[in-house]
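Enquirer: In case it helps, the numbering used here puts the sequence shown at residues 532 to 882.
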Amino acid sequence: MYNTSNTNLLKWYHENKRDMPWRNTKNPYKIWISEIMLQQTQVNTVIPYYNNWINKFPTIKHATKASEAALLKEWEGLGYYRRCRNFYNATKIVANKYNGIVPADVKSMMSLPGIGEYTAAAILSISFNQRIPVIDANVKRVMARVLKIKRFTVRNKSRIKNVLSSWIHDTQNPGDFNQAMMELGSQICTPQKPKCFTCPITVNCEAYKSANPEKYPAKEIANKIPTYDVSVGIIWDKNRFFIQRREKKMHLGGLWELPGGKLQNNENCKNAVEREIKEECNAGVDVKSRAAFVKHQYSHFKIELTAFHCKLQKGYSIPTTNSSKWITPSEIRSFPFPKATLKIFEQALPC
Ligand code: SF4
């Protein structure tokens, strides 16, 4: 029974798959960067980033030879910057330890920074034709319905993996099989209103037989994420303003930012920016007018960010170092910034 569905699934995939630039290649470097970009990011957002990246760094050698800042600049706006830093470190390891050739075994691949079980399975199946199932959120949902699973307990996760492993074992093209399952989850077996009438694997689906597939898996109650008030300063010295680089180990590490931070208890935005600049730059500033107000959401929290134009008080200076610079607005494009900071620049600075 399964082989019929397997054929149906691949036939459906070849007739319906969306055109994506990384689907025209098996090059492991290109599949790798596409998979890293696609983590927590939608396909339509990734496509222009992927195309620009491949133009600028067409091979692993190009990425390895570039600086981390150059890679981060290309990543700017895509978010989750740790992905980019991990990718950069991993390309260095591939260059030094594997002669610049992406390793084709699970153990070596998963020893690289930023490559977990999912990404390794995707690269190994698509680029190296290995029969390893990819289990992303879409595939999990499809399989929860196929097996009529409500919750992803350890036992149920293992059931999903076993069934997928047996299915992929029977296919000649494991890369296409995995992509077909992900595409099915994304386009047909959607969280709400799955389009079962066009699904190629109805014959295998227990939830379909129950006539209420949406009940599987059970909905998880989302935790409310906190919102933080943050104040930052655009400290001017004639036509230049001050930026600093975040430490690598921090969230958004390696990116540049304006000095500032979270408001403390009973503090207003202006007091916060004065205090933060004193703490971070050892400098006193006069806080002038409000320059911008932006909202931004990260995976685990939101921020409401107020920016102020500031001026150094007499007697203070902030030196230029590797991690602190005075730049003109036209130099913004030379540094990688978090998206929230770019939103501030859009509102506050002349083009
Ligand atoms: S039959 Fe419906 S519920 Fe089952 S896998 Fe297909 S789309 Fe999903």
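Virtual Cβ for every residue (Gly too), placed ideally from N, Cα, C. Values in this document were obtained by computation on a predicted structure and should not be read as measured data.
1) Using a threshold of 8 Å, state whether the C-beta atoms of L603 and A594 are closer than that.
2) Could you spell out the range, first to last residue, of the alpha helix (DSSP H) harbouring Q718?
3) Would the beta-carbon of L786 fall within 8 Å of that of P869?
4) Is any non-hydrogen atom of ligand 1 found closer than 7 Å to the C-beta of P559, if you look at the structure I gave you?
5) Who are the Cβ neighbours of T837 in its own chain at under 6 Å, not counting the five residues just before and after it?
6) With respect to the alpha helix (DSSP H) encompassing E599, which residues constitute its N-terminal and C-terminal limits?
7) Once the 5 residues before and after S565 are set aside, which same chain residues still bring their CB inside 6 Å of it?
8) Which same chain residues end up closer than 6 Å to L609 when comparing Cβ atoms and leaving out the 5 residues on each side of it in sequence?
9) What do you get for D707, buried or exposed, if any count of 16 or more other CB atoms within 10 angstroms of its CB means buried?
10) DSSP state of E566, grouped into three classes?
11) To the nearest angstrom, report how far apart C727 and R682 are at their CA atoms.
12) By the 10 Å Cβ neighbour count, where 16 or more other Cβ atoms means buried, how is P867 classified, buried or exposed?
13) Check the DSSP bridge columns for W787 and list the partner residues they point to.
14) Can at least three beta-carbon pairs, one atom from the stretch 682-700 and one from the stretch 663-671, be found at a separation below 8 Å?
15) Under 8 Å between C-beta atoms, does P869 make it to chain C?
16) Is H545 buried or exposed, if buried means 16 or more other CB atoms sit within 10 Å of its CB?
17) Give every residue of the same chain whose Cβ lies closer than 8 Å to the Cβ of V694, excluding the five residues on either side of it in the sequence, and list them in chain order.
18) Quick one: using the 10 Å Cβ neighbour count with 16 as the cut-off for buried, is Y739 buried or exposed?
19) Excluding the 5 residues flanking P757 on each side, which residues of the same chain have their C-beta closer than 7 Å to its C-beta?
20) Taking only three categories from DSSP, how would you classify L794?
21) For a minimum of 3 consecutive residues, which ranges assigned as the beta strand (DSSP E) are wholly contained in the stretch 831-880?
22) By Cβ distance below 6 Å, which residues in the same chain neighbour L655 in space, the five residues on each side in sequence not counted?
23) W767 bridges to which residues according to DSSP?
24) Taking 7 Å as the cut-off, does the CB of A822 come closer than this to any heavy atom belonging to ligand 1?
25) Tell me whether T733, by its Cβ, gets closer than 7 Å to a heavy atom of ligand 1.
26) Is there at least one non-hydrogen atom of ligand 1 closer than 7 Å to the beta-carbon of A738?
27) When DSSP labels each residue in this structure, what does S820 get in the three-state scheme?
28) Rounding to the nearest angstrom, what Cα-Cα distance links V637 and R864 in this structure?
29) Identify, in the order they occur along the chain, each residue of the same chain with its Cβ nearer than 7 Å to the Cβ of D667, setting aside the five sequence neighbours on each side.
30) H827 and K874 - do their beta-carbons sit closer together than 8 Å?
31) Quick one: what's got a C-beta closer than 6 Å to K548's C-beta in the same chain, skipping five residues either side?
32) Check the C-beta distance from A600 over to I765 and give it rounded, since I have them as a contact under 8 Å.
33) Out of R614, Q710 and G631, state which residue places its alpha-carbon closest to the alpha-carbon of I657.
Expert: On the basis of the supplied data:
1) Translated into the one-based positions of the sequence shown, residue 603 becomes position 72. Translated into the one-based positions of the sequence shown, residue 594 becomes position 63. No, these two residues do not count as a Cβ contact at 8 Å.
2) Mapped onto the sequence shown, residue 718 falls at position 187. P705 to Q718 is the extent of the alpha helix (DSSP H) around Q718.
3) Indexing the sequence shown from 1 puts residue 786 at position 255. Indexing the sequence shown from 1 puts residue 869 at position 338. Yes, the pair counts as a contact, with Cβ atoms nearer than the cut-off.
4) Taking the first residue of the sequence shown as position 1, residue 559 is located at position 28. Because no heavy atom of ligand 1 lies under 7 Å away, the Cβ of P559 does not count as near it: no.
5) For the purposes of this step, residue 837 is taken as residue 306 along the sequence shown, with counting starting at 1. If we look at T837 and ignore the five residues flanking it on each side, its Cβ neighbours are S762, C800 and F824.
6) By one-based count along the sequence shown, residue 599 stands at place 68. E599 -> alpha helix (DSSP H) spans E599 to W606.
7) Start at 1 with the first residue of the sequence shown, and residue 565 comes out as number 34. Taken in chain order, the residues that qualify are W553 and Y581.
8) In the sequence shown, the residue the question calls residue 609 occupies position 78. Once the five neighbours on either side are set aside, the close Cβ partners of L609 are Y580.
9) The residue given as residue 707 occupies position 176 in the sequence shown. Buried, because 16 or more other Cβ atoms sit within 10 Å of the Cβ of D707.
10) The residue labelled residue 566 in the question sits at position 35 within the sequence shown. Of the three classes helix, strand and coil, the one that applies to E566 here is helix, per DSSP.
11) Working through the sequence shown from its first residue, we reach residue 727 at position 196. Working through the sequence shown from its first residue, we reach residue 682 at position 151. Distance between the alpha carbons of C727 and R682 is about 21 Å.
12) If you number the sequence shown from 1, residue 867 lands on position 336. By the 10 Å Cβ count, P867 comes out buried.
13) By 1-based counting over the sequence shown, the position of residue 787 is 256. DSSP output for W787 lists R776 as bridge partner(s).
14) yes
15) Absent here is chain C; the protein component of the structure consists of one chain.
16) Counted from its first residue, the sequence shown places residue 545 at position 14. Per the 10 Å Cβ criterion, exposed.
17) As a working mapping, residue 694 is identified with position 163 in the sequence shown. Closer than 8 Å at the Cβ level, and outside the excluded window around V694, lie M674, V677 and L678.
18) If you number the sequence shown from 1, residue 739 lands on position 208. Counting Cβ neighbours within 10 Å, Y739 comes out buried, since at least 16 surround it.
19) Start at 1 with the first residue of the sequence shown, and residue 757 comes out as number 226. Same-chain partners within the cutoff: F832.
20) Within the sequence shown, residue 794 is the residue found at index 263, counting from 1. Looking at L794 - three-state DSSP - the assignment turns out to be coil, as it is neither helix nor strand.
21) 833-843 and 855-858
22) For the purposes of this step, residue 655 is identified with residue 124 of the sequence shown, where counting begins at 1. Result list for L655: Q661 and I663, in chain order.
23) Position 236 of the sequence shown, counted from the first residue, corresponds to residue 767. The partner list for W767 (beta bridge, DSSP) reads F772 and K842.
24) What you label residue 822 is simply residue 291 of the sequence shown in a count that begins at 1. False, no ligand heavy atom lies under 7 Å from that Cβ.
25) Locating residue 733 in the sequence shown gives position 202, where the first residue counts as 1. True, at least one ligand heavy atom lies under 7 Å from that Cβ.
26) Here residue 738 is taken as the residue at index 207 of the sequence shown, counted from 1. Yes.
27) Within the sequence shown, the letter at position 289 stands for residue 820. Residue state, collapsed to three classes: strand.
28) Counted from its first residue, the sequence shown places residue 637 at position 106. Counted from its first residue, the sequence shown places residue 864 at position 333. Spanning the two alpha carbons is a distance of roughly 38 Å.
29) If you number the sequence shown from 1, residue 667 lands on position 136. Only Y649 and M713 meet the Cβ criterion.
30) Within the sequence shown, numbered from 1, the residue matching residue 874 stands at position 343. Within the sequence shown, numbered from 1, the residue matching residue 827 stands at position 296. Yes, the Cβ-Cβ distance between K874 and H827 is below 8 Å.
31) What you label residue 548 is simply residue 17 of the sequence shown in a count that begins at 1. These residues qualify, in order along the chain: E714.
32) The sequence position of residue 600 within the sequence shown is 69, counting from 1. The sequence position of residue 765 within the sequence shown is 234, counting from 1. No, A600 and I765 are not in contact; Cβ-Cβ is about 21 Å, not under 8 Å.
33) Mapped onto the sequence shown, residue 657 falls at position 126. When only C-alpha atoms are compared, the closest one is Q710.
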